[in-house]
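Numbered according to mature numbering (1 follows the signal peptide of the UniProt record, and there is no 0), the sequence shown spans residues -23 to -1, 1 to 335. We put the CB at the ideal spot given by N, CA and C, even for glycine.
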Amino acid sequence: MYFASSLNFIALCALVTATFADAAIVAKRDPPPPPGPGKQPHPHPSPPADPPSGPHPSPQRPITDAIIMGDSYTDSCNVYLQNYNATGGNPKYPFPTCPPPPTGRADQGRSWPEWVRIDQGQKEEPGSPPGGEPVNPSQWNIVNLAQSGAVCDNSIFPRTVPDIGQQTKLYQTHYNTKPAASHIYTPADSTLLIMFIGTNDVTYIVNGTGSVAQETSCISSKLDTLHTLGFKRFLMVQNINLQDCPQLANTKNTSSVVHQDNDQQQKLFSQLTKQWNDGTSIDIFPAYDLFSAFYDHPSEYGFDNVHQGCNTCSTPDKYLWANSLHPSSRAFHIFAKKVVKFTNGVRGQQLINGAEGV
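In structure tokens:
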């Protein structure tokens, strides 16, 4: 018996040692790539990946509906249909019925909300709205209101496409087909409002129009309006590392503006949940950390080039950037999978590491 116990103990020690060795192999990452032309190596400090949010309804129900607002990082074809649709340019509600990719998308492929839909197994066929009716409770009914070129507020950053306030009106009116609703029309405890805005705003600020303080105040106002409509679950997406995109790579203050904007919004979200004090949650998706990982450890995510935009290249999935400002569809596919993991409670390096099989 003693001899058998000793063998069992030795086997257990070997198993533990192997497990730690495997973990060390998994944790090992390639060193960051050489900096692009004219750039110096730099760290990627960011706000904590897991910032505090408001108290969550306990327990939170699985997500049934995702209402998404933003700019060209999210738009599937809203602005394209408005500009080119011969039938009047009004996207169909709840999610635009888009032409095949890449038409209408800025990333030369599918937009990330489309990837969520596809990865969840929702039916895709010609002419079907990406995000249409879910077929089972694990799938999201997606309403994509994002508009290419959008900012938080057109009165601060001069644009003509629907800003976040106008996207809210589009939600309330079903794309101007109904009187404006005064309340959320899906269950508040299972509806997630996702907002991914800031790329155009930061670009304006870097070039001398508007300020981080104005942007933060604007976000506060828009969230207050949405909260008044009855939204109780928010997922706010950080600005990514715009100082590494080709368009802004040689602009001195981009990194500073991005960090200030992310920092101020993190403080704002904490203040708002305390102010509302009604169980509303505002979570922050660590997009800065994720896209910095893409840039610093490209081979881990399947990228060969993180310095130039693909434009008309023959291998777009090997590029981090589709063009001078927009990440590639592959980058957004990985992002989409990470967003879903985040909503399921995954945080920290467990969230950031790995390409999710893309």
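**Study point:** Short Cβ contact (7 Å threshold) for Leu170 with Leu206
**Key:** no
**Study point:** Collapsed DSSP secondary structure at Ile329 in the structure displayed
**Key:** helix
Review point. What are the boundary residues of the beta strand (DSSP E) that Tyr296 is part of?
Key: 296 to 298
Exercise for review: Please name the residue in Leu200, Val323, Gln85 whose C-alpha comes closest to that of Ser53.
Suggested key: Gln85
Practice item. Verify whether the separation of the beta carbon atoms of Tyr265 and Ile217 is less than 7 Å. Key: yes
Check your understanding: So, using beta-carbon positions, are Asp130 and Cys195 closer together than 7 Å?
Key -> yes
**Study point:** Reference Pro90, options Gln326, Ala308, Gln327, closest by Cα
**Key:** Ala308
Exercise for review: Using the Cα positions of Tyr162 and Asp42, report the straight-line distance between them to the nearest angstrom.
Suggested key: 10 Å
**Study point:** N-terminal and C-terminal residue of the alpha helix (DSSP H) that Val317 is part of
**Key:** 306 to 320
Review point. Any heavy atom of the ligand ZN closer than 6 Å to the CB of Ser301?
Key: With respect to small molecules bound, the structure shown includes none, and the ligand ZN cannot be examined in it.
Review point. Can at least three beta-carbon pairs, one atom from the stretch 269 to 280 and one from the stretch 117 to 134, be found at a separation below 8 Å?
Key: no
**Study point:** Alpha-carbon to alpha-carbon, Val183 and Tyr148
**Key:** 31 Å
**Study point:** Contact belief for Ser306 with Arg87 at Cβ below 8 Å, rounded distance in angstroms
**Key:** 6 Å
Practice item. Report the partner residues of Val214 according to the DSSP bridge assignment. Key: Phe262
Point to revise | Ser23 versus Arg38 - alpha carbon distance | key: Residue confidence is low: Ser23 scores 48 on pLDDT, short of 50, so the model does not pin down where it sits. Its coordinate-derived value is still stated next. Cα to Cα, the separation comes out at about 30 Å.
Review point. If you draw a straight line from the C-alpha of Met46 to the C-alpha of His274, how long is it?
Key: 29 Å
**Study point:** Between the CA atoms of Ala190 and Val317 - distance to the nearest angstrom
**Key:** 30 Å
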